[in-house]
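Each residue of the sequence shown is one higher than the one before, counting from 10 in our numbering.
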Amino acid sequence: MKKIYTLGCLASLATLVSCSAFKISVPYEKEVHYVKLAKGQKKEDHEKFSKKISIVTQGSYASKAAYKVFKKGGNIIDAATTASFVLAVERPQSTGLGGGGFALYHDVKRNKDFPLTVDFREKAPLNAHEKMFLDDKGEVISRMSIDGIFSAGVPGMVAGMIELHEKHGKLPLGVVLKDAIDLARNGFKIYPELAYAISRRENIIKRYKATCEIFCNKKGEVLKEGDLLLQKDLAKTLEVISKKGRDGFYKGRIAKSLVKEHRRLNGLMTQADLDKYDVKYRSPIRGEYNGYEIFSMSPPSSGGVHIIQILNILRNDKLSTYGVQHSKTVHLRASAMQAAFSDRAKYLGDTDFTYVPVTGLTSQKYADDIRFSIPENKALNTLWSNMNDPFKFDAKNDSELVQKYESPETTHFTIADGEGNVFVSTQTLNGYLGSGVVVPGTGILLNNEMDDFATKPGANNLFGAVGGEKNLVEPEKRPLSSMSPTIVTKNGKAVLGLGSPSGTRILTCVVQTVMNYLDHKMPLYESIAATRVHHQWKPNILYVEESGLPARTIKELKRMEHEIKFKKLGCRVQAVSMEDGKLHGVSDPRGRGLVLGE
Ligand code: GLY
């Protein structure tokens, strides 16, 4: 069946750039809706082909600095370390020295058949406990896990990236951190996305003097777009780290200031927490899809488990025969997401503290059982939710919480070189500007990662994700994450590296990009630009990006009883593909980003 369309951002991405107004005939299966490039962004900054190196980050300073380090003779880990620290200066709304993250590193010289998988996620302080966010009546104290000192976990970013650099980098740390130091000291003009984040956190910025000293002007008003953001204390902190490495952060003056601020605000962190912070090397979650091997982040991230689970559920459906935005494809993708998020709430947590049935959840047998229970033409909705609802969740309360603003914080970058090495890392402070607490005299903004724990079973976090028993706070535990740095290989060679920010949406955005690329054989830019959907079981809503889906798809999804809401999802996929000796870097057109390479 064919339909006549105005050639308006449908069918092929070429039309995105110049949406002209003549009519063509597009078969339903081929109709694809894409997002447009974000305002003020240039296409050439978001897509580049290269041979020796490809650097894709959400920060123009970060990409340029990482490229400079590569040109100085640095390797992929030098470039990644530079990118991490410059992003910490350039994107304080997303990441920083007071945060943490995960990384996967496919190193062609490493004699292993899976990428090095590094966990530098924040930990709960030794004095933390499962009732720390509850009042005397056992009710969750509003915003305590989001704002202020109790929301901060023990930072891991510096330990993780410095350890990686020490073990695998080539250039001296002083060279690698130079641009981050200069950027913090000389400042940069606040860009719209950062201005927006600052305005969203105005109250918390003004609550803490050291925070306002950075993010306010002399009149005490928060900085706006175009104002200069100077982080002179942060520059000094970075200098100390560049000389002393990990100890520059976890010991000495910086550590003392951090502990002192916790003491001043009656917080929980002590020097013992900093001494005990440990980077963990994990086995990645692995799966097979369409003849490719997929490696992604293991717990304490839920990302890898559910990316593999969703791919397993859909692996025999041959969705490419229908089309990427056909109602059948969208229905099955959404149902698989729904099943995955139901399991996320029940089973996922930090495997150092709780049993997570990773093998079962990622097994093809379990996926086949789930696939069998998904009706072909009907949304899973309440029947599925009720069967799997361990929390008897209060639907009214649920929808109120989920309608809270969900910010697209966190950041991801991907770097690949011509030798076949790939580094993917997702790093975060959690919410915009993390906890809002800057440690006086250091410029370090502390994370609010404690909100990624379940404050009590069944309570929602910032992203509306329902948390279960396995993700309750315990001393030294790492909160459950959705961050999903992912590497795809074929016959042992990396073919794709990717990841994204945006909380629980990360894993559904990554899995859709992987399917678009591997299954529907879309070029990488189109794989990323195509409209995405998201379903996280609670609430029972199928979110569709505002760029939309074919009208027939929406009609049929409604007939299947999917409740649809159009919404920005906040993902910003940063990816590099490596095929036929070519590196192809793409930074999500939805956001700010810069691809550099040669
Ligand atoms: N804080 C976002 C995540 O860890 O997924």
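Beta carbons are placed, not taken as given, at the ideal position from N, Cα and C, and that holds for glycine.
Only a predicted model underlies this, so the values are computations on that prediction, with no experimental measurement involved.
query: What do you reckon, is the C-beta of Asp461 under 7 Å from a heavy atom of ligand 1?
result: yes
- prompt: Just how far apart, CA to CA, sit Lys547 and Lys567?
  reply: 18 Å
- prompt: Which of the three DSSP states, helix, strand or coil, is assigned to Asp426?
  reply: strand
message: Along the chain, where does the alpha helix (DSSP H) containing Gly524 start, and where does it finish?
response: One detail in the question is off: residue 524 reads as Met in this sequence, not Gly. First-last of the alpha helix (DSSP H) with Met524: 514-527.
query: With respect to the beta strand (DSSP E) encompassing Met587, which residues constitute its N-terminal and C-terminal limits?
result: 583-588
query: On the three-state DSSP scale, how would you describe His543?
result: When secondary structure is reduced to three states using DSSP, His543 falls in the strand class.
- request: Consult DSSP for Thr437 and reduce its assignment to one of helix, strand or coil.
  value: strand
task: Identify the continuous alpha helix (DSSP H) that holds Leu442 and give its terminal residues.
output: Counting along the chain, Leu442 falls outside any alpha helix (DSSP H), and DSSP gives it neither H nor E.
task: Check whether the region 226-241 touches the region 264-279, taking contact to mean three or more Cβ pairs, one atom from each stretch, closer than 8 Å.
output: Too few Cβ pairs lie closer than 8 Å, so no.
query: Does the Cβ-Cβ distance between Arg601 and Glu131 come in under 8 Å?
result: no
- prompt: When we look at the beta-carbon of Gly440 and count the other beta-carbons within 10 Å, is it buried (16 or more) or exposed?
  reply: buried
task: Would you mind sorting Lys187 into buried or exposed? The rule is 16 or more other CB atoms within 10 Å of its CB.
output: buried
query: When DSSP labels each residue in this structure, what does Val447 get in the three-state scheme?
result: strand
task: Give the single residue among Phe381, Val249, Thr419 whose Cα lies nearest to the Cα of Glu99.
output: Thr419
field: Coil, strand or helix - Gly606 by DSSP
entry: strand
message: Can you find the residues in the same chain that come closer than 6 Å, C-beta to C-beta, to Leu481, ignoring five residues on each side of it along the sequence?
response: A distance below 6 Å between beta-carbons, with the five flanking residues on each side excluded, links Leu481 to the following residues of its chain, in chain order: Glu139, Ala463.
message: Any heavy atom of ligand 1 closer than 7 Å to the beta-carbon of Thr126?
response: Thr126 has its Cβ no nearer than 7 Å to any heavy atom of ligand 1.
- request: Kindly list the residues whose CB is nearer than 7 Å to the CB of Phe224, restricted to its own chain and excluding five residues on each side of it in sequence; keep chain order.
  value: Ile207, Ile214, Val231, Leu232
message: Between Gly506 and Asp122, how many whole angstroms is the CB-CB distance? I'm expecting something under 8 Å.
response: Between Asp122 and Gly506 the Cβ distance is about 17 Å, and since that is not below 8 Å, they are no contact.
- prompt: In three-state terms, what does DSSP make of Gly594?
  reply: Strand.
- prompt: Around the C-beta of Gly157, are 16 or more other C-beta atoms found within 10 angstroms, so that it is buried, or is it exposed?
  reply: buried
message: Excluding the 5 residues flanking Gly606 on each side, which residues of the same chain have their C-beta closer than 7 Å to its C-beta?
response: Contacts found: Lys57, Ser59, Ile62, Ser63, Ile64, Leu592, Gly594.
- request: Determine the DSSP secondary structure at Gly169, reduced to helix, strand or coil.
  value: helix
task: Return the bridge partner residues of Lys132 from the DSSP annotation.
output: Bridge partners of Lys132: Val163.
Any non-hydrogen atom of ligand 1 within 7 Å of Asn439 CB: Asn439 Cβ: within cutoff of ligand 1.
- request: Check Ile62 in the structure and name its three-state DSSP category.
  value: strand
query: Starting from Lys215 and walking both ways along the alpha helix (DSSP H), at which residues does that stretch end?
result: Where Lys215 is concerned, the enclosing alpha helix (DSSP H) stretches over 211-216.
message: Rounded to whole angstroms, what is the Cα-Cα separation between Ala5 and Ser344?
response: Outside the shown range of the chain (10 to 607) lies residue 5, about which nothing can therefore be said.
query: Between the beta-carbon of Ile303 and the beta-carbon of Leu320, is there less than 8 Å?
result: yes
query: Roughly how many whole angstroms lie between the Cα atoms of Val78 and Ala189?
result: A straight line joining the alpha-carbon of Val78 with that of Ala189 spans about 12 Å.
- prompt: If you draw a straight line from the C-alpha of Ala47 to the C-alpha of Arg541, how long is it?
  reply: 16 Å
- request: Report the rounded CA-to-CA distance for Arg633 versus Met166, giving the unit in angstroms.
  value: Summary: the structure shown does not reach residue 633, with the chain confined to residues 10 through 607, and so no result is reported for it.
task: Return the CA-CA distance between Ile155 and Asn84, expressed in angstroms with no decimal places.
output: 37 Å
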